[in-house]
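> Here full-length UniProt numbering is used: the first residue of the sequence shown is 1, the next is one more, and so on. A virtual CB, placed ideally from N, CA and C, is assigned to each residue, including glycine. These numbers were taken from a predicted model, which means no experiment stands behind them.
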Amino acid sequence: MNISLPVLGKNSGKLLPRDYQLIYPIISEEPHFSTVYSSQRHRRSAPQLRNDLFLNFTAFNQTFQLHLRRNGHFVAPHSFVQYRYYNVSSSTESIEKQCYFKGKVATRRGKAAVSLCDGVNGVLQLEDDDYIFEPAPHHLLSTSYGDTEASHILYRASSSSVQNQYFDSNYTIENNKSDTYYNPSRRKEADLDENQTLPNGSYIYFNPTRTKRATHRKSVKTVETLVVVDKHVYWKHGRNNITTYVLSMFNIVSQLFQESGDAYRIKIVVVGLVILETDEVC
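#1: Which residues in the same chain as residue 102 place their Cβ atom closer than 6 angstroms to its Cβ, once the five residues preceding and following it in sequence are excluded?
#2: Less than 8 angstroms between the beta carbons of residue 104 and residue 67, yes or no?
#3: Can you give the beta carbon distance from residue 152 to residue 135, rounded, assuming they're within the 8 angstroms contact cut?
#4: Rounded to whole angstroms, what is the Cα-Cα separation between residue 119 and residue 83?
#5: Could you tell me the boundaries of the beta strand (DSSP E) in which residue 56 lies?
#6: In or out: residue 191 buried (at least 16 other Cβ within 10 Å) or exposed?
#7: Would you kindly work out how many angstroms separate the C-alpha atoms of residue 94 and residue 128, rounded to a whole number?
#8: Would you kindly work out how many angstroms separate the C-alpha atoms of residue 108 and residue 279, rounded to a whole number?
#9: Taking the beta strand (DSSP E) that residue 98 belongs to, which residues open and close that run?
#10: Please classify residue 239 as buried or exposed, where buried requires at least 16 neighbouring CB atoms within 10 angstroms.
#11: Which residues mark the beginning and the end of the beta strand (DSSP E) in which residue 276 is found?
Quick look at the structure:
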C-alpha cells in the first residue's frame, strides 16, 4: 500500500503553496456556535475539549463544517516519548493524546483528520480533492488582518507548487525483527506486507497482531508501532513541535488504514516515540 502524506507543521521557512486561503477556524460544541472555543495556537489541556466537536471555516467560496470525534485510540494507554542523546536516554515523557480528532465534513461528502494540540492541523479528503490546513507561517501573520493568532492557511494538496514540498511517497517502513524494540514472542505475526510507505524521517517497527474475526464485520488487525525519529527531523521541527508533528500524521494514517476497502481493517496503535537528538554510537 502506497500512501502520500502531508508534511504538517510550522510553515515558516517553506515556500507558501501557490493557491492558498487564509482561514479562521471556529471550534464549537454545537453546529450553530452556541459554545465557541478559540483556535489560537497554544497547547490545550484535555478538559477544555469535549469528545464531539464542530470545526467551521470558510474558504474558496465554500463553507466547511467538520463534525469531529476524539480519536485517542491510535495511541496506546501507556505510550511514551523518549529523547536520546547519543546512546543515553535524556528524558522520558507520557504522550498527550486528548487533542486528536477524526470525523466527516458535514457540508460535503468527505472525511477529516484533525489535531488541536497546537493550533489546528489536519487533512480533508473530499471527492474533488484533498485539502491541508495548518497554522499560518509567522511572516504571513505580520501582514494579515484580524486575529493573527487564530490565522491558519488552507490549500489543495493537488497544487503542483506544493507536491514536492509537502508530499513524499518514497519512504518505506523498515521491518527489522532483530531490533531490540521488536518482540515477536508477544503475539503471532499477522500476514501484513513487509514494506509500507510512511513519512520521511521515521523508522517504524511493526508488531502486528490479529484480533478475533467477527462474523458480521471486517476482521481487524492491530499494528503496534514504535516510531523512531532521527536527528534531522527532530532539529527541523524542534522539541516543542516534534511530538505533535509525528502524532498528527499518525492520526491521518490511522484514518486512512481504517477506511481502506480491503477485506480487513488495520488499526494503527502508537506505543512510543524514540526521538534521536544525535547520532547513535555503535
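Considering the structure as presented:
#1: By one-based count along the sequence shown, residue 102 stands at place 102. Scanning its chain for C-beta atoms nearer than 6 angstroms, with the 5 sequence neighbours on each side dropped, one finds around residue 102 the residues 71, 113 and 255, in chain order.
#2: Looking up residue 104 in the sequence shown gives position 104. Looking up residue 67 in the sequence shown gives position 67. Yes.
#3: Here the question's residue 152 lines up with position 152 in the sequence shown. Here the question's residue 135 lines up with position 135 in the sequence shown. So it is a contact: roughly 5 angstroms between Cβ atoms.
#4: As a working mapping, residue 119 is identified with position 119 in the sequence shown. As a working mapping, residue 83 is identified with position 83 in the sequence shown. So the two alpha carbons sit approximately 24 angstroms from each other.
#5: To locate residue 56, count along the sequence shown from 1; it is residue 56. Here the beta strand (DSSP E) through residue 56 covers 52-59.
#6: For the purposes of this step, residue 191 is identified with residue 191 of the sequence shown, where counting begins at 1. Confidence at residue 191 is low in this model, with a pLDDT of 36, below 50, so the placement of that residue should be treated as unreliable; the coordinate-derived value is given next. Residue 191 comes out exposed.
#7: Against the sequence shown, residue 94 aligns to sequence position 94. Against the sequence shown, residue 128 aligns to sequence position 128. Straight-line Cα distance between these residues: approximately 39 angstroms.
#8: Counting from 1 along the sequence shown, the entry for residue 108 is found at position 108. Counting from 1 along the sequence shown, the entry for residue 279 is found at position 279. Cα to Cα, residue 108 sits roughly 46 angstroms from residue 279.
#9: The sequence position of residue 98 within the sequence shown is 98, counting from 1. Note, residue 98: premise wrong, no beta strand (DSSP E); not H, not E.
#10: Start at 1 with the first residue of the sequence shown, and residue 239 comes out as number 239. So residue 239 counts as exposed.
#11: In the sequence shown, residue 276 corresponds to position 276, counting from 1. Residues 264-276.
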